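Asks: Sequence lines, in order, name chains A and B. If you want my numbering, it's the position in the first sequence, counting the first as 1, plus 30. If you want my numbering, it's the position in the second sequence, counting the first as 1, plus 30. We put the beta carbon where it would ideally sit given N, CA and C, even for glycine. Bear in mind that the values here come from a model prediction, so they are computed numbers and not experimental data. The structure's right below; bear with me while I get my questions together.
Protein chains: 2
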Amino acid sequence: MERRLERELESLKTSLIKMGSVVEEVFGLAIRAVLDRKEDLAQKVIEADERINSMELEIDNAILDLLALQQPVASDLRFILAAQKINNDLERIGDHAVNIAESAQALSRKSEAEMLREIPQMAAMTNTMLREALDSFIQLNPPMAQTVLKTDDEVDDLNRLVARRVIELVKDDTRTIEGGLELIRISRNLERVADLTTNIAEEVLFEAEARVVKHHAEEKKDTHHENYREP
Amino acid sequence: MERRLERELESLKTSLIKMGSVVEEVFGLAIRAVLDRKEDLAQKVIEADERINSMELEIDNAILDLLALQQPVASDLRFILAAQKINNDLERIGDHAVNIAESAQALSRKSEAEMLREIPQMAAMTNTMLREALDSFIQLNPPMAQTVLKTDDEVDDLNRLVARRVIELVKDDTRTIEGGLELIRISRNLERVADLTTNIAEEVLFEAEARVVKHHAEEKKDTHHENYREP
């Protein structure tokens with residue numbers, strides 16, 4: 031039984047890593063669709079959403095089975111609940127990638143639309159955050175997860191800056207309003223992706239902490255020969 | 031053991047109902063802050079966020095304990111996982127209420143800012159959706175949950191309409207841009223709340239289905255004297 035649980039936890043982790051790499055790729059495509067004004071890339075992002083949704087559902091079902099059939103406890107249970115949240119965060123990042131891709135399509139139809147330099151900055155930062163959040167999960171690397179948390183504030187600042195820049199643009203020339211609203215939409219979606227990578231990083235920290243707690247508890251148990259059976 | 035599980039499931043449901051009613055109240059305040067331009071109500075919403083966050087954390091911890099100590103299976107487990115998702119949805123509705131309240135504050139500082147009639151329409155619809163989603167959860171009422179799903183499309187349409195109306199306003203008079211962006215922000219947050227109430231309604235349907243499945247399984251068991259013990 032113990033070994034089967036371990037095997038299934040490993041398989042759950044592998045599924046999440048796979049989902050993470052798909053979401054990372056799709057998010058990268060959405061960014062390129064915006065920056066290079068490529069409608070075909072945007073279309074790919076929109077089409078990938080269904081795949082991401084069914085990956086989420088599969089992982090959710092695997093988690094349900096794991097909980098029901100293996101009845102894991104302590105840090106295994108914490109890992110599973112963290113996995114469930116990361117799964118949901120990844121699916122939501124996929125949704126934001128779709129929103130960004132839709133804005134990319136709207137922008138590519140307006141040849142005159144301006145780009146603000148804050149957008150590629152935010153995109154690069156958010157992309158790095160996602161990569162680091164996923165790597166920190168794979169390697170269970172708390173310092174890397176901490177880096178993700180720090181970058182989130184900078185992305186928030188850039189998001190606010192984009193709104194102010196768009197207001198200036200529109201006051202200067204009202205014809206920029208449609209494009210400007212798309213830039214605000216892209217910026218806001220990037221900011222939300224940054225938030226979700228922050229959630230993932232926090233789950234990694236929570237999970238790492240649980241491991242530490244488990245480790246200490248086992249040391250303690252070894253010393254005192256505790257035999258906790260209740261409740 | 032069985033009885034203790036039942037008691038704790040009942041207590042989990044009560045906590046969620048309580049959280050639901052707090053979130054509903056706070057969301058109602060946020061709407062009134064926008065429509066009546068009341069900065070003090072907006073402040074109340076912002077202050078309530080911490081309370082909602084700690085309610086979410088408490089419920090999450092109760093769920094963790096329930097899973098670890100009671101090791102529930104089948105439809106009880108499904109109920110707990112649905113509860114976990116509803117808990118998270120409610121907390122996110124609280125976050126959107128804060129965003130709406132912040133926009134209400136920004137708007138109340140601009141006496142000249144216009145209001146669009148779509149905003150109170152969306153607010154009323156979303157408010158009803160939230161009430162119905164929570165009631166359908168309390169009463170485990172699938173038809174009521176279905177009603178929530180149907181209204182979601184109408185809110186989406188209104189959200190798109192708000193963006194178009196703001197574009198017209200701004201093209202007419204660029205001084206309306208700041209207020210217009212706040213209206214778009216409010217509209218988008220209302221639309222997101224509608225999405226989250228839809229999630230809750232879907233969880234209720236999922237949960238109701240599990241009950242039906244359980245009910246059928248029990249009937250079947252009674253008839254055929256099945257004795258399923260594996261895996």
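Quick one: what's got a C-beta closer than 7 Å to Y258/B's C-beta in the same chain, skipping five residues either side?
Replies: Along the second sequence, read from residue 1 onward, the residue named residue 258/B stands at position 228. For Y258/B, the predicted model reports a pLDDT of 33, less than 50, meaning its position is unreliable and no value from the coordinates is stated.
Asks: Checking 8 Å against the spacing of the C-beta atoms, do E54/B and L179/B come in under that value?
Replies: Within the second sequence, the letter at position 24 stands for residue 54/B. Within the second sequence, the letter at position 149 stands for residue 179/B. Not a contact, by the Cβ cut-off of 8 Å.
Asks: Alpha carbon to alpha carbon, how far is A127/B from G50/B?
Replies: Your numbering for residue 127/B matches position 97 in the second sequence. Your numbering for residue 50/B matches position 20 in the second sequence. Between A127/B and G50/B, the C-alpha separation is close to 13 Å.
Asks: My guess is that K74/B and L59/B are in contact by the Cβ rule of under 8 Å, so how many angstroms apart are they, rounded?
Replies: As a position in the second sequence, residue 74/B is number 44, starting the count at 1. As a position in the second sequence, residue 59/B is number 29, starting the count at 1. K74/B to L59/B, Cβ: 6 Å. Contact.
Asks: Roughly how many whole angstroms lie between the Cα atoms of T44/A and N91/A?
Replies: Numbered from its first residue, the first sequence carries residue 44/A at position 14. Numbered from its first residue, the first sequence carries residue 91/A at position 61. In a straight line, the C-alpha of T44/A is about 15 Å away from that of N91/A.
Asks: With a Cβ-Cβ cutoff of 8 Å, do K48/B and E233/B count as a contact?
Replies: The residue given as residue 48/B occupies position 18 in the second sequence. The residue given as residue 233/B occupies position 203 in the second sequence. Cβ atoms of K48/B and E233/B: not closer than 8 Å.
Asks: Anyone know if the C-beta pair for T181/A and M155/A falls short of 8 Å?
Replies: Here residue 181/A is taken as the residue at index 151 of the first sequence, counted from 1. Here residue 155/A is taken as the residue at index 125 of the first sequence, counted from 1. Contact flag set, yes.
Asks: For the stretch 97-113 of chain A, which residues have a CB atom closer than 8 Å to at least one CB atom of chain B, in sequence order?
Replies: Against chain B - using a Cβ distance shorter than 8 Å - the residues of the stretch 97-113 of chain A are L97, A98, L99, Q101, V103, A104, L107, R108, L111.
Asks: Does A127/B come within less than 8 Å of chain E when only Cβ atoms are used?
Replies: The structure shown contains no chain E; the protein chains it does contain are A and B.
Asks: Under a three-way DSSP split, which group does N91/B fall into?
Replies: In the second sequence, counting from the first residue as 1, residue 91/B sits at position 61. Residue state, collapsed to three classes: helix.
Asks: So, are the CB atoms of L226/B and I89/B less than 8 Å apart?
Replies: In the second sequence, residue 226/B corresponds to position 196, counting from 1. In the second sequence, residue 89/B corresponds to position 59, counting from 1. No, the Cβ-Cβ distance between L226/B and I89/B is not below 8 Å.
Asks: For L146/B, which of helix, strand or coil comes out of DSSP?
Replies: Here residue 146/B corresponds to residue number 116 of the second sequence, with the count starting at 1. Coil.
Asks: Is I110/B closer than 8 Å to L97/B when the C-beta atoms are compared?
Replies: Start at 1 with the first residue of the second sequence, and residue 97/B comes out as number 67. Start at 1 with the first residue of the second sequence, and residue 110/B comes out as number 80. The answer is yes: Cβ separation under 8 Å.
Asks: Could you check if V103/B is buried or exposed, using at least 16 other CB atoms within 10 Å of its CB as the buried criterion?
Replies: For the purposes of this step, residue 103/B is taken as the residue at position 73 of the second sequence. Per the 10 Å Cβ criterion, exposed.
Asks: Just the Cα atoms here: how many angstroms apart are R161/A and Q169/A?
Replies: Taking the first residue of the first sequence as 1, we reach residue 161/A at position 131. Taking the first residue of the first sequence as 1, we reach residue 169/A at position 139. Cα-Cα distance, rounded: 12 Å.
Asks: Could you say if the stretch 128-140 of chain A and the stretch 215-224 of chain A meet the contact criterion of at least three C-beta pairs nearer than 8 Å?
Replies: Yes, they touch.
Asks: What is the rounded straight-line gap between the Cα of R205/A and the Cα of V56/B?
Replies: Taking the first residue of the first sequence as 1, we reach residue 205/A at position 175. Taking the first residue of the second sequence as 1, we reach residue 56/B at position 26. Cα to Cα, R205/A sits roughly 38 Å from V56/B.
Asks: Using a C-beta cutoff of 8 Å, does A131/A count as contacting chain B?
Replies: Stepping through the first sequence from its first residue, residue 131/A is reached at position 101. Not one chain B Cβ lies under 8 Å of A131/A.
Asks: Which ranges would you report for the alpha helix (DSSP H) in the stretch 118-144 of chain B if only whole runs of at least 4 residues count?
Replies: With a minimum length of 4 residues, no continuous alpha helix (DSSP H) run stays inside the stretch 118-144 of chain B.
Asks: Going along chain B, which residues have a C-beta under 7 Å from I207/A?
Replies: Locating residue 207/A in the first sequence gives position 177, counting from the first residue. Those within 7 Å of I207/A in chain B are I197, V200, K201.
Asks: Hey, E148/B and L188/B: beta-carbon distance below 8 Å or not?
Replies: The residue labelled residue 148/B in the question sits at position 118 within the second sequence. The residue labelled residue 188/B in the question sits at position 158 within the second sequence. Their beta carbons are under 8 Å apart, which means E148/B touches L188/B by this criterion.
Asks: Is there at least one Cβ from chain A nearer than 8 Å to A193/B's Cβ?
Replies: The sequence position of residue 193/B within the second sequence is 163, counting from 1. It does; some Cβ of chain A falls within 8 Å.
Asks: For T204/A and chain B, any beta-carbon pair shorter than 8 Å?
Replies: In the first sequence, residue 204/A corresponds to position 174, counting from 1. Closer than 8 Å to some Cβ of chain B, the Cβ of T204/A qualifies, so yes.
Asks: Take N117/A as the anchor and find which of L107/A, I82/A, E36/A has the nearest alpha-carbon.
Replies: In the first sequence, residue 117/A corresponds to position 87, counting from 1. Ranking L107/A, I82/A, E36/A by Cα distance to N117/A puts I82/A first.
Asks: Tell me, to the nearest whole angstrom, how far the beta carbon of R108/B is from that of E237/B; I am working on the premise that it is less than 8 Å.
Replies: Here residue 108/B refers to the residue found at position 78 when the second sequence is read from its first residue. Here residue 237/B refers to the residue found at position 207 when the second sequence is read from its first residue. Between E237/B and R108/B the Cβ distance is about 6 Å, and since that is below 8 Å, they are a contact.
Asks: Taking G210/A and L199/A to be in contact with their CB atoms under 8 Å, please state how far apart those CB atoms are, rounded to whole angstroms.
Replies: Here the question's residue 210/A lines up with position 180 in the first sequence. Here the question's residue 199/A lines up with position 169 in the first sequence. Rounded, the Cβ-Cβ distance is 6 Å, consistent with contact.
Asks: Any C-beta of chain B sitting closer than 8 Å to the C-beta of L94/A?
Replies: If you number the first sequence from 1, residue 94/A lands on position 64. Answer yes: the Cβ-Cβ gap between L94/A and chain B drops below 8 Å somewhere.
Asks: Which of the three DSSP states, helix, strand or coil, is assigned to K68/A?
Replies: The residue given as residue 68/A occupies position 38 in the first sequence. Coil at K68/A, not helix or strand.
Asks: Less than 8 Å between CB atoms is the rule here; does L226/B satisfy it with respect to chain A?
Replies: Sequence index remark: in the second sequence, residue 226/B carries index 196 (1-based). By this cut-off, L226/B is not an interface position.
Asks: Are the CB atoms of A193/B and A231/B nearer to each other than 8 Å?
Replies: The count along the second sequence starts at 1 and reaches residue 193/B at position 163. The count along the second sequence starts at 1 and reaches residue 231/B at position 201. Taking 8 Å as the Cβ cut-off, A193/B and A231/B do not qualify as a contacting pair.
Asks: State the DSSP-derived secondary structure class of P291/B, mapped to helix, strand or coil.
Replies: Past the boundaries of the shown model lies residue 291/B; chain B is included only from 31 to 261, so the question cannot be answered.
Asks: For E121/A, count the other beta carbons within 10 Å of its own beta carbon; 16 or more makes it buried, fewer makes it exposed. Which is it?
Replies: Along the first sequence, one-based indexing puts residue 121/A at 91. It counts as buried.
Asks: Would you tell me roughly how many angstroms separate the C-alpha atoms of V223/B and L146/B, rounded to the nearest one?
Replies: Stepping through the second sequence from its first residue, residue 223/B is reached at position 193. Stepping through the second sequence from its first residue, residue 146/B is reached at position 116. Computed Cα separation, rounded: 19 Å.
Asks: For a cutoff of 8 Å on Cβ pairs, would you count L211/A as touching chain B?
Replies: Here the question's residue 211/A lines up with position 181 in the first sequence. With 8 Å as the cut-off, L211/A counts as an interface residue toward chain B.
Asks: Flag this pair as yes or no: are the beta carbons of I150/A and L71/A separated by less than 8 Å?
Replies: Counted from its first residue, the first sequence places residue 150/A at position 120. Counted from its first residue, the first sequence places residue 71/A at position 41. Correcting the residue type first, residue 150/A is Pro in the shown sequence and not Ile. Their beta carbons are not under 8 Å apart, which means P150/A does not touch L71/A by this criterion.
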